[in-house]
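Below: the structure, in structure tokens.
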């Protein structure tokens, strides 16, 4: 544990984070090859700060850093690193030292770290360097689907029978039995090792020695099945303000526990994932190599190119109209752009509300109704604004009326698409954050250009 | 505590949430005025599930629900509700019952709930109904800036001196002294009530009675100042996997504690806020009235209209070019749209990385360099694709070359703007999520149209 957080290393008081000057000092020590100074600089840092520090260094410095600190490398740094950076660090550590790190971290972190190795051969090589029992635990967990409760859980936990007294329990905890480093709850199990309740540590500490656990336990509440999706796990923790929860296998036996610190990471990642997917990003790529970044981002851009060409085809239908009234070409992006933005607002609200389970089959129709009314009102407001601007600009009342009408139509289409697309994808069990943006802009571009140029072709020419 | 979570009320096993049929049953009971059946239905629910249930009902049913359950209304439901829904519920409860609720919840929740009342007179009326001591605590907290640690903290905590033994501490906890319902840590304070360390409950339980606390305590680690922004608090909790942390006032005295369950909500909200701001939403408005929703969303749409008109002005400069080659009007949205999308990808990565403190002054230049290269490569790739499509479509090599060149220019501009705008806003202490989207689309629209039509005017005409 660090003993000087508010030191010169980290910004103090109202902001927390590594100071650029500190990163500069580390860089200096690495350049100079001064390992002693380096270790002195790093020593007071929390492992999560060391992870941040490594991310802040450039590729070359990272390798130097790992080489210099290898002998004292804190294994807990690894789970905190960005994926791309971690790969670099592990490569530099080598399989031998990486396996040593795995033995130091908690079982859920070990599962996560091994799970991140994509190459099967490399994975087998690392597993081969681990003790048989640990290897079995990791392999078992990795056989479960990704992003499920079984991947998040720790196997170490405290479970005792309900007929024990507070005194017996405290004596057991003091006995030095094989216990996890930290625990927040004591799970109460029946003779078949199925959870029947839990005792909060504060309740245990408050009760006198002769009290039986079944008098102070919360009766069995929230059980997590080993295959439950991590998003559901996070929802449960948030919903019920849990600190830790028992994980059971298919037969209902207690096999592990999930703690809130892991769930905090999941909550953060799930929100981040939705945010990224809405922007057409498949993964966090801040520290990824250029080639990987280009590859990851191009999928969405290719899709978007398709949408853009489709919109151009619609425009192409009205070539002669554009030729006749060039003002239409000047104004047409306004209608499409406003529809796209209004639709994105609705879409974002809907995607988020589906993720937080606030938008449900029970209230979906009401929300669709509301968004339609909002779209209509917005459409009318911006029809008047845009119509007036266009009339003043080109001195042509017909153009003003046509752009106004097109605006109402496109804003309405945007609202409907913004709410209907994520609802439909969700019902089809597709993640509404991933693909709804493409569908939405397709709708708002096509409807926007078609309505504006189509109305113009009919009423102006 | 609910004793049948996996009942017919909630979806079981792999998904968790209210079943539409259950909401239907509640609606039925409300329609029929069958309070007995209603209470029976609601009784097994967790308070957070009751909040979800209320959100799922329509306005009329909500009022009926509150009226019917008033006498047994669970105060803990209130903090879980969406802001707009909570206002309805409080209005239905009336000040008297609302004040009664406030007395039941924890002090941080009471502060939050009173803080949500925007009308000064109403707030004073509610405060007037509270006991003097509680009123003082709430008023003191509300005098602090919004979104700061002092608003999140609970005043109830366990603090003891370091010379106490484990036995003395346990006896104190068992004595029935005024203690919080639940606590995760014991804070160790010096004679001037300044925190000097903390003891985890698991460590306390594991140690024998004669052991002194200063032998098992973690020396003073993370202190939170009362004015620290909640975003910083959340970062610290996440970074250091904290369960609870001491809050100190300006003179360093321990005045409260923040617990992880409140921080989980903050983490979720901060990520949601960034996601919403990027989409031009000022607040979560799923359950807001139509009028409020229209108002809240129109700010961004008006700004966007400005941007769109600016883009149109750029197009207007090239009216004669468009008149001469109408194919340009057909193709021009492609360049702008691709730039906007590529820029949004970069922007989203940058905004998120600033929020998670992974993008810092120490590595900013390296990331800018990387994004520039990514933008350039993407530009070249899509220049070839778009150029080829345009050439085939219009059979004009010059158009293909011009659109390709414009694509490279705009993708490069998009990358630079996508990373530079949030960095600049962050340095100016403006939230980069709020306003960067407008700036970005302004850049990509203006550069996109100007480059494409400008090059065409020079090389094709």
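Protein chains in written order, with UniProt numbering: chain R, 1 to 461; chain A, 1 to 461. Where is the CB? At the ideal position from N, CA and C, for every residue including glycine.
Below-8 Å beta-carbon distance, residue i vs any chain R residue
{"i": "residue 334 (chain A)", "result": "yes"}
{"i": "residue 381 (chain A)", "result": "yes"}
{"i": "residue 391 (chain A)", "result": "no"}
{"i": "residue 298 (chain A)", "result": "yes"}
{"i": "residue 442 (chain A)", "result": "no"}
{"i": "residue 7 (chain A)", "result": "Because the pLDDT at residue 7 (chain A) is just 44, under 50, the model does not fix this residue reliably, and the value given afterwards should be weighed accordingly. False, the Cβ-Cβ gap to chain R never drops below 8 Å."}
{"i": "residue 131 (chain A)", "result": "no"}
{"i": "residue 417 (chain A)", "result": "no"}
{"i": "residue 410 (chain A)", "result": "no"}
{"i": "residue 396 (chain A)", "result": "no"}
{"i": "residue 495 (chain A)", "result": "Absent from the structure is residue 495 (chain A), since the part of chain A shown begins at 1 and ends at 461."}
{"i": "residue 388 (chain A)", "result": "no"}
{"i": "residue 404 (chain A)", "result": "no"}
{"i": "residue 434 (chain A)", "result": "no"}
Nearest-angstrom Cα separation, counted from residue j out to residue i
{"i": "residue 206 (chain R)", "j": "residue 180 (chain R)", "result": "22 Å"}
{"i": "residue 382 (chain R)", "j": "residue 408 (chain R)", "result": "8 Å"}
{"i": "residue 337 (chain R)", "j": "residue 308 (chain A)", "result": "7 Å"}
{"i": "residue 323 (chain R)", "j": "residue 443 (chain A)", "result": "28 Å"}
{"i": "residue 302 (chain R)", "j": "residue 352 (chain R)", "result": "25 Å"}
{"i": "residue 347 (chain R)", "j": "residue 24 (chain R)", "result": "43 Å"}
{"i": "residue 246 (chain R)", "j": "residue 72 (chain R)", "result": "34 Å"}
{"i": "residue 413 (chain A)", "j": "residue 434 (chain R)", "result": "26 Å"}
{"i": "residue 81 (chain A)", "j": "residue 89 (chain A)", "result": "9 Å"}
{"i": "residue 341 (chain R)", "j": "residue 440 (chain R)", "result": "10 Å"}
{"i": "residue 159 (chain R)", "j": "residue 186 (chain R)", "result": "6 Å"}
{"i": "residue 228 (chain A)", "j": "residue 258 (chain A)", "result": "12 Å"}
{"i": "residue 447 (chain R)", "j": "residue 61 (chain A)", "result": "38 Å"}
{"i": "residue 136 (chain R)", "j": "residue 115 (chain R)", "result": "14 Å"}
{"i": "residue 37 (chain A)", "j": "residue 19 (chain A)", "result": "17 Å"}
{"i": "residue 449 (chain R)", "j": "residue 93 (chain A)", "result": "50 Å"}
Residue-level contact to chain A via CB, residue i, 8 Å cutoff
{"i": "residue 370 (chain R)", "result": "yes"}
{"i": "residue 20 (chain R)", "result": "yes"}
{"i": "residue 451 (chain R)", "result": "no"}
{"i": "residue 3 (chain R)", "result": "Since pLDDT at residue 3 (chain R) reaches only 38, below the 50 mark, its modelled position is unreliable, and the value read off the structure follows with that caveat. It does: the Cβ of residue 3 (chain R) has a partner Cβ on chain A nearer than 8 Å."}
{"i": "residue 357 (chain R)", "result": "yes"}
{"i": "residue 461 (chain R)", "result": "no"}
{"i": "residue 215 (chain R)", "result": "no"}
{"i": "residue 235 (chain R)", "result": "yes"}
{"i": "residue 365 (chain R)", "result": "no"}
{"i": "residue 421 (chain R)", "result": "no"}
{"i": "residue 74 (chain R)", "result": "no"}
Start and end residues, alpha helix (DSSP H) containing residue i
{"i": "residue 299 (chain A)", "result": "290 to 317"}
{"i": "residue 136 (chain R)", "result": "132 to 142"}
{"i": "residue 444 (chain A)", "result": "432 to 459"}
{"i": "residue 256 (chain A)", "result": "No alpha helix (DSSP H) contains residue 256 (chain A), which is instead part of the beta strand (DSSP E) from 254 to 259."}
{"i": "residue 101 (chain R)", "result": "83 to 104"}
{"i": "residue 347 (chain R)", "result": "327 to 355"}
{"i": "residue 403 (chain R)", "result": "397 to 427"}
{"i": "residue 372 (chain R)", "result": "364 to 394"}
{"i": "residue 73 (chain A)", "result": "Unbroken run through residue 73 (chain A): none, as it is neither H nor E."}
{"i": "residue 35 (chain R)", "result": "35 to 42"}
{"i": "residue 115 (chain R)", "result": "107 to 115"}
Residue range of the beta strand (DSSP E) that includes residue i
{"i": "residue 244 (chain A)", "result": "244 to 248"}
CB contact below 8 Å: residue i versus chain B
{"i": "residue 41 (chain A)", "result": "As a matter of chain content, chain B is missing from the structure shown, whose protein chains are R and A."}
According to DSSP, residues forming a beta bridge with residue i
{"i": "residue 199 (chain R)", "result": "R:186"}
{"i": "residue 159 (chain A)", "result": "A:187"}
{"i": "residue 219 (chain R)", "result": "R:197"}
{"i": "residue 212 (chain R)", "result": "R:165"}
{"i": "residue 225 (chain R)", "result": "R:248"}
{"i": "residue 154 (chain A)", "result": "A:257"}
heavy atom of the ligand MN below 7 Å from residue i C-beta
{"i": "residue 110 (chain R)", "result": "The ligand MN is not among the ligands present in this structure, which contains no ligands whatsoever."}
Note to self: Tell me which residues of the region 188 to 208 of chain R have at least one Cβ-Cβ distance to chain A shorter than 9 Å, keeping chain order.
What the structure shows: 200, 201, 202, 203, 204, 205, 206, 207 and 208
Next item on the list: Check each residue of the region 139 to 168 of chain A: if its Cβ is closer than 7 Å to any Cβ of chain R, include it; give the result in chain order.
Entry: none
Item checked: Residues within the region 312 to 326 of chain R neighbouring chain A, beta-carbon criterion of under 7 Å -> 312, 315, 316, 319, 322, 323 and 326
Next item on the list: Can you give me, in chain order, the residues of the region 262 to 282 of chain A that have a beta carbon less than 8 Å from any beta carbon in chain R?
Entry: 263, 264, 265, 267, 268, 271, 272, 274, 275, 276, 278, 279, 280 and 281
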